[in-house]
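Going line by line, the protein sequences match chains D and W.
So for the first sequence, this note's numbering puts the first residue at 1; every next one is plus one.
So for the second sequence, this note's numbering puts the first residue at 367; every next one is plus one.
Here's the structure we're looking at; comments come further down.
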Amino acid sequence: MESPQDIPAVQELVRAQSRIRVRGGGSKSALAAEANVSLAGLSGMVQYDASEFTFTALAGTPVREVAEQLARHGQYLPFEPPLADDGATLGGTVAAGLSGSARYRYGGVRDFLLGVRLVDGRGELVRGGGNVVKNVAGFDLPKLMVGSLGRFGVVVELSFKVFPAPERTSTILAEFGHLDTAMAAVDRMATSPFDLMCLDVEPPNRLWIRIGGIGDALHARLARLTSLLEMSDARIGMFADDAEIWQDVSQFRWARENANLVKIPLVPSEVPRLEARIARWNGEVTRRYGVGGTVAYLAWSEPTVREGLESTLAAAHRSSLALWGDWPDPRLGPSTDNAMSDRLAAALDPQGKFAIAAAVAAPPGS
Amino acid sequence: MPFNELLSDLAALYPSDRLLTAAAQIMPYESDGLTAFRGRPSGVVLPVTADEVVETVRLCHRHDVPFMARGSGTSLSGGSVPVPDGLVIGLNRLNRILRYDPLHRVAVVEPGVINLRVSEHVAADGLYYAPDPSSGPVCTIGGNVAFNSGGVHCLKYGMTANHVLGLKCVLPDGEVVTLGGESLETVGPDLIGMFAGSEGLFGIALEITLRLLPRPEVYRTFLAAYDTLSAAGDAVSMVVASGLLPGAMEIMDRLAIDAAEAAVNAGYPADAQAVFLVELEGPREEVAAEEVRLMKLLDDSGATEIRVAKDDAERLTFWKGRKSAFSAVGRLSPDFIVQDGVVPRSRLGEALGEIERLSQEFGIRVANVFHAGDGNLHPLIMYDGRVAGALENAERLAGEILRLCIRMGGSITGEHGVGLEKRAYLGEMYEAADTRTMFAIRDAIDPKSLANRGKMLPDAEAPALASHGAHPLEQQGVISRM
Numbered sequence: 001m002e003s004p005q006d007i008p009a010v011q012e013l014v015r016a017q018s019r020i021r022v023r024g025g026g027s028k029s030a031l032a033a034e035a036n037v038s039l040a041g042l043s044g045m046v047q048y049d050a051s052e053f054t055f056t057a058l059a060g061t062p063v064r065e066v067a068e069q070l071a072r073h074g075q076y077l078p079f080e081p082p083l084a085d086d087g088a089t090l091g092g093t094v095a096a097g098l099s100g101s102a103r104y105r106y107g108g109v110r111d112f113l114l115g116v117r118l119v120d121g122r123g124e125l126v127r128g129g130g131n132v133v134k135n136v137a138g139f140d141l142p143k144l145m146v147g148s149l150g151r152f153g154v155v156v157e158l159s160f161k162v163f164p165a166p167e168r169t170s171t172i173l174a175e176f177g178h179l180d181t182a183m184a185a186v187d188r189m190a191t192s193p194f195d196l197m198c199l200d201v202e203p204p205n206r207l208w209i210r211i212g213g214i215g216d217a218l219h220a221r222l223a224r225l226t227s228l229l230e231m232s233d234a235r236i237g238m239f240a241d242d243a244e245i246w247q248d249v250s251q252f253r254w255a256r257e258n259a260n261l262v263k264i265p266l267v268p269s270e271v272p273r274l275e276a277r278i279a280r281w282n283g284e285v286t287r288r289y290g291v292g293g294t295v296a297y298l299a300w301s302e303p304t305v306r307e308g309l310e311s312t313l314a315a316a317h318r319s320s321l322a323l324w325g326d327w328p329d330p331r332l333g334p335s336t337d338n339a340m341s342d343r344l345a346a347a348l349d350p351q352g353k354f355a356i357a358a359a360v361a362a363p364p365g366s
Numbered sequence: 367m368p369f370n371e372l373l374s375d376l377a378a379l380y381p382s383d384r385l386l387t388a389a390a391q392i393m394p395y396e397s398d399g400l401t402a403f404r405g406r407p408s409g410v411v412l413p414v415t416a417d418e419v420v421e422t423v424r425l426c427h428r429h430d431v432p433f434m435a436r437g438s439g440t441s442l443s444g445g446s447v448p449v450p451d452g453l454v455i456g457l458n459r460l461n462r463i464l465r466y467d468p469l470h471r472v473a474v475v476e477p478g479v480i481n482l483r484v485s486e487h488v489a490a491d492g493l494y495y496a497p498d499p500s501s502g503p504v505c506t507i508g509g510n511v512a513f514n515s516g517g518v519h520c521l522k523y524g525m526t527a528n529h530v531l532g533l534k535c536v537l538p539d540g541e542v543v544t545l546g547g548e549s550l551e552t553v554g555p556d557l558i559g560m561f562a563g564s565e566g567l568f569g570i571a572l573e574i575t576l577r578l579l580p581r582p583e584v585y586r587t588f589l590a591a592y593d594t595l596s597a598a599g600d601a602v603s604m605v606v607a608s609g610l611l612p613g614a615m616e617i618m619d620r621l622a623i624d625a626a627e628a629a630v631n632a633g634y635p636a637d638a639q640a641v642f643l644v645e646l647e648g649p650r651e652e653v654a655a656e657e658v659r660l661m662k663l664l665d666d667s668g669a670t671e672i673r674v675a676k677d678d679a680e681r682l683t684f685w686k687g688r689k690s691a692f693s694a695v696g697r698l699s700p701d702f703i704v705q706d707g708v709v710p711r712s713r714l715g716e717a718l719g720e721i722e723r724l725s726q727e728f729g730i731r732v733a734n735v736f737h738a739g740d741g742n743l744h745p746l747i748m749y750d751g752r753v754a755g756a757l758e759n760a761e762r763l764a765g766e767i768l769r770l771c772i773r774m775g776g777s778i779t780g781e782h783g784v785g786l787e788k789r790a791y792l793g794e795m796y797e798a799a800d801t802r803t804m805f806a807i808r809d810a811i812d813p814k815s816l817a818n819r820g821k822m823l824p825d826a827e828a829p830a831l832a833s834h835g836a837h838p839l840e841q842q843g844v845i846s847r848m
């Protein structure tokens, strides 16, 4: 494993090697498996001016470090990057395209990334975007990096915008008689102007709802929200001290016992159908639906589940991503590659150095 | 002639009333919202189906004829000035809302759908489409996607790209790709984000899946007047530092206020040197609590007058002055150029001081209206196109303002795009390796450089700069330049 300590060293590596797969903190084991370069050494804040509400940091910077610095100024990354306690880095979060439950309110990692510097397949250092909050000059390379799994280059530096953190937060746990009533409540919440931070579904029948804002207003907002939920016969629990609840969600604490974790984007109406399909694995698969039922996270250990899941994804035309586990290729279901991504890869990586799960194995000793 | 060969193929595809080649028919397509540029296409087609668009692109590719997709032609960067001797593909007739799902808050639309029509279509369900460029009543979603258009609410809600979930598009060689889907979440590279803002260089969006938001329960709109522009700028910094996140924050200087008053009589304070508009929005309890803080803050900021819109009608009046400021400048000057460079928010005051200095140095009046919350300037550079050299002089001043934005670590464009107008400055904002990469990307997507050739990347001959007065729609106050 190579471990460059500065940007020129990354360029050097890319020029010298025929194959480059990068890892950050290794918090998403399925994505770090084939890595031969670690960016852990490329870490630290490059620029943070709290009055600008933007920062620039090296790609290997742990998101936890960033969150701590931002918190000192009452600021936060509103998409709350997951797996911070496992050492998730900014670069890894962008490459995986991973956002937390709070992306429900203001958007995901794609919506907060302003600029990148990356080393392309020729070893050239290229900048895309900028570090001001608004910029449409040139192609939007930063967005292309989101979810790209390193296919287009080695991202070495990133700029984000941040928001003021909510003064106080509070969480409601609503327990319904059945998944269908819970999902109906999701639809009602999602079309309401309640301005929720998080709206997660915990099967079979629970909703986790978080709101944040000015302390003085929180009580009245909660009262209105609970009365609406009670109309759908939900049993309500309230958590004023909710930081740990969401930290656990961010860490996928509910899935920790399992070897495999997979992310499946979907629409809320597919949740009951997916639940029905999962039922045949007799409780082997634990799961949670985040962001108003627009993403499913499935976790399991039993090896036989994998095959069934792959055919389920193919049948449902759902491209997915493995986050934990040992997979020959973490990209599951129908391929997201198309003529546009192929051409972009040819432009940025003409020799195919960054190809994901290439047929050739990583060189020995890496 | 490749165009003549293309023409005979197009004649088989289009009836004569949708294939325009006569000079008088083509003339309306020669320019866009940036009227200083014109280009004469060889023809214009008006497809009514996505299949016709795809087939047209394929034919252009076969015959090596450059093409440009056009919506309502409101681009302010010359982005929809035709490629000379190329084909214009007018998309206004592709204006159907194909699907609307209120429960899951998505609408699938064709590219010719008017921006504001989306919000109107979904309003009954308490939803709206957030991006609100000032040209919203006429500009199209396809154009918004091509230029990643902004508006006054970007601070909190982002640009067009942040509200597009899925795209079906035709690449410049006629290959059709589907990007994204209907979910907020995705896996795979964010190709939608890459396509949005590519200024037509990656092809044409055929179907666009938009994310809709619940309309905020309450809006509270404030107008604060200041004795100096810098005091208004300081007020913005105070609001930002306070932890409040308003939906919009806008500043107008004296000259812009004069123009707005002359045009729409918004009733802005008569003696103020600057007006600061700020809008809170959200659940009613939250907005009520925020309002208390904002009022105290504005009181402490040295405002000479503070007004709160008492109802929706007054709120719209506040905004009307702001949104019409640009067309209103036509009352102060026969011609003007508007730029949309961005500076770091904390350096707004410095940037405005420098623009004032440049204005004096060039002897050219500059009015300022800007999205203060995100450092997005909009200097209106006034000139008289009938005076020899006046346009060129105004363009030089505009260029100096762009360089100022670059020096301060900002951007040459926050929302209008590079288009034709700012191509020369792209290479000043980015390093050589960065622009080389942009060319490599364009060449890989479109090796023949057929799609909107000559925009964004400075590699083709630009149509000549010439003064033509304001856009007809702008003269009528229908569109404005933000």
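Quick reminder that beta carbons are idealized off the backbone N, C-alpha and C, glycines included.
Beta-carbon to beta-carbon, His427 (chain W) and Lys814 (chain W) are separated by about 7 angstroms, close enough to satisfy the 8 angstroms threshold. Residues of the stretch 532-555 of chain W with a C-beta atom less than 9 angstroms from some C-beta of chain D are Cys535, Leu537, Asp539, Glu541, Val542, Val543, Thr544, Leu545, Gly547, Glu548, Ser549, Leu550, Glu551, Thr552, Val553, Gly554 and Pro555, listed in chain order. Against Cys426 (chain W), chain D offers no close residue; the least beta-carbon distance is about 17 angstroms (beta-carbon pairs closer than 8 angstroms). A distance of 9 angstroms or more separates the beta carbons of Arg688 (chain W) and Val644 (chain W). Where Tyr585 (chain W) is concerned, the enclosing beta strand (DSSP E) starts and stops at Val584 to Tyr592.
Nearest CB-CB separation between Glu787 (chain W) and chain D: not below the 9 angstroms threshold.
Nearest Cα to Ala35 (chain D) within the set D:Val46, D:Ala71 and D:Gly92: D:Gly92.
With respect to chain W, the C-beta atom of Arg277 (chain D) has no partner C-beta closer than 9 angstroms. Think of a sphere of 7 angstroms around the beta carbon of Arg711 (chain W): the chain D residues whose beta carbon falls inside it are Glu52, in chain order. Against chain D, the beta carbon of Tyr796 (chain W) has neighbours under 7 angstroms at Arg127 and Gly138, listed in chain order.
Inter-residue distance for Asn258 (chain D) and Leu298 (chain D) is about 10 angstroms (C-alpha atoms, whole angstroms).
One alpha carbon belongs to Ile617 (chain W), the other to Ala738 (chain W), and they sit about 6 angstroms apart.
Residue state for Pro8 (chain D) is assigned as helix, using DSSP reduced to three classes.
Along the length of the stretch 270-358 of chain D, whole beta strand (DSSP E) runs at least 3 residues long occupy 286-290, 295-300 and 320-324, reported in chain order. With a threshold of 9 angstroms between beta carbons, Gly780 (chain W) makes contact with chain D.
At the C-beta level, Glu794 (chain W) and Leu768 (chain W) come within 9 angstroms of one another. Residues of the stretch 192-205 of chain D with a C-beta less than 7 angstroms from any C-beta of chain W: Ser192, Pro193, Phe194 and Asp195, listed in chain order.
Distance from the CA atom of Asp349 (chain D) to the CA atom of Ile807 (chain W), rounded to whole angstroms, is 11 angstroms.
With respect to Leu266 (chain D), Ala314 (chain D) sits apart: the two C-beta atoms are not nearer than 9 angstroms.
When DSSP states are grouped into helix, strand and coil, Gly74 (chain D) belongs to the coil group. Using a Cβ-Cβ cut-off of 9 angstroms, Leu179 (chain D) does not count as an interface residue toward chain W, since no Cβ of chain W sits closer than that to its own. Around the beta carbon of Asn282 (chain D), fewer than 16 other beta carbons lie within 10 angstroms, which makes this residue exposed. Taken through DSSP and simplified to helix, strand or coil, Ala733 (chain W) comes out as strand.
Between the stretch 164-177 of chain D and the stretch 340-349 of chain D, the count of Cβ pairs shorter than 8 angstroms is below three; the stretches do not touch. Beta-bridge analysis with DSSP links Gly150 (chain D) to no other residue.
Within the stretch 367-439 of chain W, the alpha helix (DSSP H) runs of at least 4 residues that lie entirely inside it are, in chain order, 368-379, 389-392 and 416-429. Within chain W, no C-beta atom comes nearer than 8 angstroms to that of Leu31 (chain D); the closest sits roughly 11 angstroms away. Apart from the 5 residues on each side of it in sequence, Val119 (chain D) sits with its Cβ closer than 7 angstroms to the Cβ of Val10, Gln11, Val14, Leu125, Gly153, Val154 and Val156 in its chain, given in chain order. If you draw a straight line from the Cα of Leu469 (chain W) to the Cα of Leu493 (chain W), it comes to about 10 angstroms. The alpha-carbon separation between Ala632 (chain W) and Ile623 (chain W) amounts to approximately 9 angstroms. Interface residue (Cβ-Cβ distance to chain D less than 9 angstroms): Cys520 (chain W) is classified as such. Three or more pairs of CB atoms, one per stretch, sit closer than 8 angstroms, so the stretch 125-140 of chain D contacts the stretch 52-61 of chain D. Residues of the stretch 68-87 of chain D that bring their beta carbon within less than 9 angstroms of a beta carbon in chain W comprise Gly74 and Gln75, in sequence order.
Chain order gives the chain W residues near Ile214 (chain D) as Glu652, Ala655 and Glu656, where near means a beta carbon separation below 7 angstroms. DSSP places Asn461 (chain W) outside both helix and strand once states are collapsed to three, so it counts as coil. Interface residue (Cβ-Cβ distance to chain D less than 9 angstroms): His487 (chain W) is not classified as such.
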